[in-house]
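Input: a single structure, listed below in structure tokens.
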Amino acid sequence: MRRDSKRKLLLLVSLVLALLWAGRHLRNRGAELRLSDWFDPRKRPDVVTTTDWLAPVIWEGTFDRQVLERHYRRQNLTVGLVVFAAGRAADQYLEPFLQSANKHFMPGHRVVTYVQVEDPYQLPDLPPLPLRSVRVLALRPDRWWPDRSLSRMKNLGESILSHIRGEVDFVFSMSVDRVFQSAVGAEALGAAVAQLHAWWYFRDRRHFPYERRPRSAACIPFGEGDFFYDGAVLGGTPARVLDLVRAYLGGALQDAQRGLNSTFESHLNKYFFLHKPTTLLSPEYNWDANFHPPLQVQLVKVLQLAKRDP
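Heads up, this note's numbering is the position in the sequence shown plus 27, with the first residue counted as 1.
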């Protein structure tokens, strides 16, 4: 193994160990609403609205946003939105992402948007808005890894450890090549939020692209698994997101030591296989612009943009 590779593995080890001790001194939230106070799965009999472990799957029509907004505004919460925009992605996608997020992401609540870019000058000039602030988290060259998912999660974990966990009640991490189309509000909040993959939701579970190699830390055995989750969107309390990041980095480190290279989504799906999410976002919250939405997708909340030519 090359010296540079060994150094990066050691950095991963140190970060994983730091994350193991990161569950303290997080912001405390008030009492939770009962699910029945705001969620009615009977209103969408055409789709899966409740999991086997009784977590809600959020579709348009299943939730009462007014009840949720009254509850969370009394709590005076702050929501963090982290967007990783490295390389050309910042020039191509960052401005429409931020403009649409300012309009549609958690309207009426305090939002801190954390923009991870290589050059602070890549941040577009946006007018200040009430309740919303933007913080630039510059990506130093020594913090950039060729694997973008690994780099994104590594920087997310470090940022939550350094300051985000003391500033917000919930935090979401999203890929930059998205545009918010309509309101994504308090219905999306939860201790551990997972995004259902728009493509694989409508496919037979037997064909999900889970990692099946037994030697991989991401392995889900044949015949097992619940849903296939999309790594472009994840969220929850800072403590739960940190736990996910720790598990992913630890799994990636274990696979690297064994000469394996499993994808981020494989590790993400293994994590949620072992640690069930408390809130699942339907494909309406991350629909691919390359496909016409089926009848079940009544309102596209977030659109994954078609890839542009280089």
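In this text, a Cβ means the ideal position worked out from N, Cα and C, and glycines have one as well.
Could you give the DSSP three-state label for residue i: helix, strand or coil?
i    : result
Q222 : strand
V203 : coil
G277 : helix
F229 : coil
G217 : coil
D282 : helix
L156 : strand
G184 : helix
N317 : coil
I85  : strand
A112 : strand
R51  : Caution applies to R51, whose pLDDT of 44 falls short of 50 and renders its modelled position unreliable; the model cannot decide the point.
Y237 : coil
L261 : strand
P337 : Residue placement at P337 cannot be trusted, given a pLDDT of 47 that sits under 50; what the coordinates show is reported in the next sentence. Of the three classes helix, strand and coil, the one that applies to P337 here is coil, per DSSP.
V324 : coil
What does the Cβ neighbour count give for residue i, buried or exposed, with the cut at 16 atoms within 10 Å?
i    : result
R125 : One detail in the question is off: residue 125 reads as Leu in this sequence, not Arg. Counting Cβ neighbours within 10 Å, L125 comes out buried, since at least 16 surround it.
Y148 : exposed
A165 : exposed
D282 : buried
R232 : exposed
W80  : exposed
L156 : exposed
Q284 : exposed
N55  : With a pLDDT of 49 at N55, under the threshold of 50, the predicted position of this residue should be treated as unreliable, and no value is reported.
K181 : buried
R101 : exposed
A333 : exposed
L276 : buried
Just grab the DSSP bridge partners of residue i for me.
i    : result
F90  : F66
A165 : V144
R137 : T105
Q331 : R205 and D315
F197 : V106
L307 : V84 and A221
V211 : F132
I believe residue i touches residue j by the beta-carbon criterion, under 8 Å. Please report the beta-carbon distance rounded to the nearest angstrom.
i    : j    : result
R115 : V138 : In fact, because the Cβ distance is near 26 Å, the residues do not count as touching under 8 Å.
G184 : L269 : 6 Å
Is the segment 200-208 in contact with the segment 237-244, if contact means three or more CB pairs nearer than 8 Å? Put simply, the segment 200-208 does not touch the segment 237-244. Fewer than three CB pairs are less than 8 Å apart.
At least three beta-carbon pairs within less than 8 Å, the segment 256-276 to the segment 285-295: The segment 256-276, when compared against the segment 285-295, does touch it at the 8 Å Cβ threshold.
Specify whether the segment 94-109 and the segment 316-327 touch according to this definition: at least 3 beta carbon pairs, one from each stretch, less than 8 Å apart. With the cut-off at 8 Å, the segment 94-109 and the segment 316-327 do not touch.
Using 8 Å as the Cβ pair cut-off and three pairs as the minimum, do the segment 66-84 and the segment 302-309 touch? Under the Cβ criterion (8 Å, minimum of three pairs), the segment 66-84 counts as touching the segment 302-309.
Check whether the segment 241-248 touches the segment 324-334, counting contact only when three or more Cβ pairs, one atom from each stretch, lie closer than 8 Å. Not touching, per the Cβ criterion.
Does the pairing of the segment 184-193 with the segment 120-134 give three or more beta-carbon distances under 8 Å? No, they do not touch.
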